[in-house]
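For reference, the structure is listed below as structure tokens.
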Amino acid sequence: MKPVVLAGGSGSRLWPKSRAALPKQFLALTSDKTMLQDTLARLDGTEAAQPIVICNDAHRFLVAEQLRQMQGDHGGIILEPVGRNTAPAIALAALHATKSNEDPVLLILAADHLIKNQTAFHKAVAEANALALEGHLVTFGIVPDQPHTGYGYIKSGAVVGNGLKVEQFVEKPDMATAESYVASGNYFWNSGMFMFKASVYLAELKKHAPEMLAICEKAIESESKDLDFIRIDPEIFATCPDDSIDYAVMEKTEHAAMIPLDAGWSDVGSWSSLWETADEKDANGNVVVGDAILEGVNNSYINAEERLISVVGLDDVVVVETKDAVMVAHKDKVQDIKNVVNKLKAEQRPEFQFHREVFRPWGSYDSIDNGERFQVKRITVKPGEKLSVQMHHHRAEHWIVVSGTASVTIGENTQLVTENESVYIPIGEVHALENPGKIPLELIEVQSGAYLGEDDIVRFSDRYGRTESK
Numbered sequence: 001m002k003p004v005v006l007a008g009g010s011g012s013r014l015w016p017k018s019r020a021a022l023p024k025q026f027l028a029l030t031s032d033k034t035m036l037q038d039t040l041a042r043l044d045g046t047e048a049a050q051p052i053v054i055c056n057d058a059h060r061f062l063v064a065e066q067l068r069q070m071q072g073d074h075g076g077i078i079l080e081p082v083g084r085n086t087a088p089a090i091a092l093a094a095l096h097a098t099k100s101n102e103d104p105v106l107l108i109l110a111a112d113h114l115i116k117n118q119t120a121f122h123k124a125v126a127e128a129n130a131l132a133l134e135g136h137l138v139t140f141g142i143v144p145d146q147p148h149t150g151y152g153y154i155k156s157g158a159v160v161g162n163g164l165k166v167e168q169f170v171e172k173p174d175m176a177t178a179e180s181y182v183a184s185g186n187y188f189w190n191s192g193m194f195m196f197k198a199s200v201y202l203a204e205l206k207k208h209a210p211e212m213l214a215i216c217e218k219a220i221e222s223e224s225k226d227l228d229f230i231r232i233d234p235e236i237f238a239t240c241p242d243d244s245i246d247y248a249v250m251e252k253t254e255h256a257a258m259i260p261l262d263a264g265w266s267d268v269g270s271w272s273s274l275w276e277t278a279d280e281k282d283a284n285g286n287v288v289v290g291d292a293i294l295e296g297v298n299n300s301y302i303n304a305e306e307r308l309i310s311v312v313g314l315d316d317v318v319v320v321e322t323k324d325a326v327m328v329a330h331k332d333k334v335q336d337i338k339n340v341v342n343k344l345k346a347e348q349r350p351e352f353q354f355h356r357e358v359f360r361p362w363g364s365y366d367s368i369d370n371g372e373r374f375q376v377k378r379i380t381v382k383p384g385e386k387l388s389v390q391m392h393h394h395r396a397e398h399w400i401v402v403s404g405t406a407s408v409t410i411g412e413n414t415q416l417v418t419e420n421e422s423v424y425i426p427i428g429e430v431h432a433l434e435n436p437g438k439i440p441l442e443l444i445e446v447q448s449g450a451y452l453g454e455d456d457i458v459r460f461s462d463r464y465g466r467t468e469s470k
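Start counting the sequence shown at 1; every next residue gets the next number (UniProt numbering).
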């Protein structure tokens, strides 16, 4: 059994925590590990091979770092140059998995789901594996504990093996329809998790979406290795149809089966779902993360990242605070956060894409202050890492080392700069920053100039193979 973890997506309904550059699957929202790490840890105790992870090109270093933190091997990190939904992504994984003339059973998992009961999950996976080996395309149907209008449903049919035949996939219903589904006992939530042999999926894709399969085959034909990553042909893949596995295959195949799963599952699709699934609530039904003082507040979700939050006299609200944004919503309206995100995107505001603290493969930077013609950043460089050799056309920089030791190259000269020492990089000067030490390097960078955008970088060399901003 080879797990395939789908780690794309933007998680816009969990803004301001989840953003385009750091979406929810890379955040610690339901435990002390990120959702991607929890998904991979969930496989412990199963007979699983090294997982394949599929992600956006822009998130590749986040994935690599989070896998490194778990000290686990993987079966490849496939980079999607553009998002084309789940059916092509799974096709890439299946084609990659069969390149060595093997035909593994693939366990398709989303990187951003919560599953509380690991034992029940393992049991369902074993049952699904038996069906998959018989040639079925298996989905996991969540046993509903309430009527829900936010999920698609699966109507179950006759018994097949140790599972059930899939009779129909149903779109998200209204409340009255959802209530009738749950009352019938024949409908399950569509989890978006699947299990099948790679060859069976590819055969069904060839039957029902032949153009998609042909493009994926061409795109991965000349796959190349780049550090830990597997790159495919971006121009070919960009022509691939955009479609989900549900529409492209599962709703059309005659071989769909289902295993019921009752394991405390949630797709964590909104802030209200984090309130619903929380194990600990106070006496008034509130979930509090971080520093908060509540007075006369009931059934609410409060998440404070940086500052004290005080809430008075409100019921059924969500309050989320980050370093650069605060979001307040009624629990019944949290789905509409996506409208706020769309406005941020349309106005090209940085809060759409980035947090104030931005993570890079070499470390991170936090934009702590800015004004007309200046910007101040706190930069952290991991031991042994190095920023690109670069130059700026419009800004000069002052670097003040707070802790650790920096190796600084300016022009032809390289020097060590230690705590409480500083250097100046003039406009147009080629320079580089490296941490040669054993502890993190922390410094304050003061930029000054007519233009301070991240795209004012001419990069001469970079150990990470990047072409975007630093």
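Note that the Cβ used here is the ideal one computed from N, Cα and C, for glycine as well.
Remember, predicted model here, so these are calculated numbers, not experimental data.
By DSSP, does residue i sit in helix, in strand, or in coil?
i: L308; result: coil
i: P3; result: strand
i: N190; result: strand
i: E351; result: helix
i: S431; result: Correcting the residue identity first, residue 431 is His in this sequence and not Ser. Looking at H431 - three-state DSSP - the assignment turns out to be strand.
i: K123; result: helix
i: T380; result: strand
i: D129; result: Reading off the sequence, residue 129 comes out as Asn, not Asp. Looking at N129 - three-state DSSP - the assignment turns out to be helix.
i: H330; result: strand
i: V249; result: helix
i: N342; result: helix
i: S469; result: Model confidence at S469 stands at a pLDDT of 48, short of 50, so the residue's coordinates are unreliable and nothing is read from them.
i: K438; result: coil
i: L95; result: helix
i: E321; result: strand
i: D282; result: coil
i: L22; result: strand
Tell whether a beta-carbon distance below 8 Å holds between residue i and residue j.
i: D233; j: A209; result: no
i: S59; j: D267; result: Checking the sequence shown, residue 59 turns out to be His, not Ser. No, the Cβ-Cβ distance between H59 and D267 is not below 8 Å.
i: I108; j: F169; result: no
i: S111; j: L36; result: According to the sequence as given, residue 111 is Ala; it is not Ser. Contact flag set, yes.
i: H96; j: I230; result: yes
i: V287; j: Y301; result: yes
i: L79; j: D57; result: yes
i: R378; j: G449; result: no
i: I444; j: V402; result: yes
i: I115; j: W265; result: yes
i: S191; j: L137; result: no
Between the C-alpha atoms of residue i and residue j, what's the straight-line distance to the nearest angstrom?
i: Q375; j: L131; result: 59 Å
i: H355; j: E412; result: 35 Å
i: K165; j: E434; result: 58 Å
i: T86; j: A325; result: 31 Å
i: P81; j: A20; result: 15 Å
i: F121; j: D44; result: 11 Å
i: G371; j: L294; result: 35 Å
i: G72; j: K123; result: 23 Å
i: A91; j: Y201; result: 8 Å
i: A198; j: E204; result: 10 Å
i: P144; j: A64; result: 35 Å
i: D279; j: L6; result: 26 Å
i: A432; j: V408; result: 6 Å
i: G465; j: V318; result: 41 Å
i: P51; j: D291; result: 37 Å
i: S12; j: Q66; result: 21 Å
i: N339; j: K17; result: 15 Å
i: P436; j: A406; result: 7 Å
i: K225; j: L62; result: 17 Å
i: N129; j: R42; result: 16 Å
i: C216; j: C55; result: 16 Å
i: G150; j: D332; result: 12 Å
Among all the DSSP beta bridges, which residues are the ones paired with residue i?
i: V417; result: A406
i: R231; result: L79, S224
i: Q375; result: N370, Q447
i: E357; result: D366
i: E397; result: I425, Q447
i: I154; result: F169, F188
i: T139; result: F194, M258
i: I293; result: S310
i: A110; result: L6
i: L164; result: V159, M258
Evaluate residue i with the Cβ neighbour count: other Cβ atoms within 10 Å of its Cβ, from every protein chain shown; 16 or more gives buried, anything less gives exposed.
i: F196; result: buried
i: V358; result: buried
i: Q390; result: buried
i: E171; result: exposed
i: V4; result: buried
i: Q447; result: buried
i: G404; result: buried
i: G428; result: exposed
i: E321; result: buried
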